[in-house]
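With my numbering applied, the sequence shown corresponds to residues 704 to 879, in that order.
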Amino acid sequence: MTTPTTELSKPYIIAVGHATDGYSKENEATATCFCGTVQLAFPTSYPGVVSRFVCHCLDCRKLTATMFASNFTVQDPYLKHVRGQDQLRQWSQSRTIATGNTMANHFCGQCGTLITGFPGKYFLRIGTVDDYHLHETRLRPQVKQFVESRVGWLKPIEGVKQVNGMHTYADVKGIL
């Protein structure tokens with residue numbers, strides 16, 4: 704594996720899995736599943752990206768098989784399917800979703816990578832973004848939500864707002 708460069712203002716895209724064509728431009732980047740079948744292009748700032756958050760809700764914990772999910776929200780008209788839209792599989796439910804809305808989770812039909820969430824706004828997983836420097840910069844979380852469900856051995860991220868329950872636009876408005 705390549706050692707990451709410390710120059711965070713420049714893209715850092717390395718081959719992970721089978722995808723080799725991810726990109727990061729000034730205002731747009733890609734997110735790709737592990738096998739490379741599904742690739743999305745998204746804006747890297749507002750108004751396309753409306754929030755960046757860590758979720759500790761029990762649904763995200765179960766769905767991602769981890770203790771939290773690192774996400775960012777992209778408004779529907781800004782998300783582009785570069786390839787593999789026909790390879791996405793969907794599983795939906797509303798029984799345990801805090802808002803009562805139906806959450807449609809999309810997965811790559813080949814490798815199972817979790818790609819998106821609610822219709823109309825998409826919750827992309829920060830870990831699928833091909834430019835690893837964006838994880839540290841433009842996609843760094845603004846807020847942690849459902850912190851009342853956070854496991855005791857995880858601590859708050861310095862400088863990141865902590866919210867019980869789901870965050871609102873007011874929680875992230877004005878936070879770069």
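Where is the CB? At the ideal position from N, CA and C, for every residue including glycine.
Under the DSSP definition of a beta bridge, which residues are partnered with R786?
According to DSSP, which records beta bridges pairwise, R786 is partnered with Q742.
Mapping DSSP to helix, strand and coil, what is H838?
Helix.
With respect to the beta strand (DSSP E) encompassing K847, which residues constitute its N-terminal and C-terminal limits?
846-848 is the extent of the beta strand (DSSP E) around K847.
To which residues of the same chain is K783 closer than 7 Å at the C-beta, ignoring the five residues directly before and after it?
L743, A744, listed in sequence order.
Which runs of the alpha helix (DSSP H) fall wholly inside the region 722-776 and span at least 4 residues, in chain order?
The region 722-776 contains these whole alpha helix (DSSP H) runs: 761-767.
Work out the CA separation of L817 and M704 for me, nearest whole Å.
Reliability fails at M704, whose pLDDT of 45 lies under 50, so the model's placement of it is uncertain and the value that follows must be treated cautiously. One C-alpha to the other measures close to 24 Å.
Tell me, to the nearest whole angstrom, how far the beta carbon of G751 is from that of T735; I am working on the premise that it is less than 8 Å.
Contact doesn't hold; Cβ gap of about 18 Å is too wide.
Counting Cβ pairs closer than 8 Å, one from the region 757-764 and one from the region 842-856, do we hit at least three?
Touching, per the Cβ criterion.
Taking a contact to mean a Cβ-Cβ separation below 8 Å, would you say F810 touches T776 in this structure?
Contact: no.
Cα separation between R880 and D834?
As shown, the chain starts at 704 and ends at 879. That puts residue 880 outside it, with no answer to give.
If I measure Cβ to Cβ from S773 and keep anything under 6 Å in the same chain, skipping five residues before and after, which residues do I get?
Excluding positions up to five away in sequence, the list reads V757, I829.
Going by Cα to Cα distance, which pick from G855, E861, T740 is closest to V785?
Looking at the Cα atoms, T740 is the closest of the given residues.
Hey, could you find the ends of the alpha helix (DSSP H) Y715 is sitting in?
Y715 -> no alpha helix (DSSP H), and no H or E assigned at all.
Quick check on G803: buried or exposed, where buried means 16 or more other Cβ atoms within 10 Å of its Cβ?
Exposed, because fewer than 16 other Cβ atoms sit within 10 Å of the Cβ of G803.
Can you check whether the CB of G812 is closer than 8 Å to the CB of Q790?
In contact: Q790 and G812 (Cβ atoms closer than 8 Å).
By the 10 Å Cβ neighbour count, where 16 or more other Cβ atoms means buried, how is R798 classified, buried or exposed?
R798 should be labelled exposed.
In whole angstroms, give me the CA-to-CA distance for T697 and T840.
Given a span of 704 to 879 for the chain in the structure shown, any question on residue 697 remains unanswerable.
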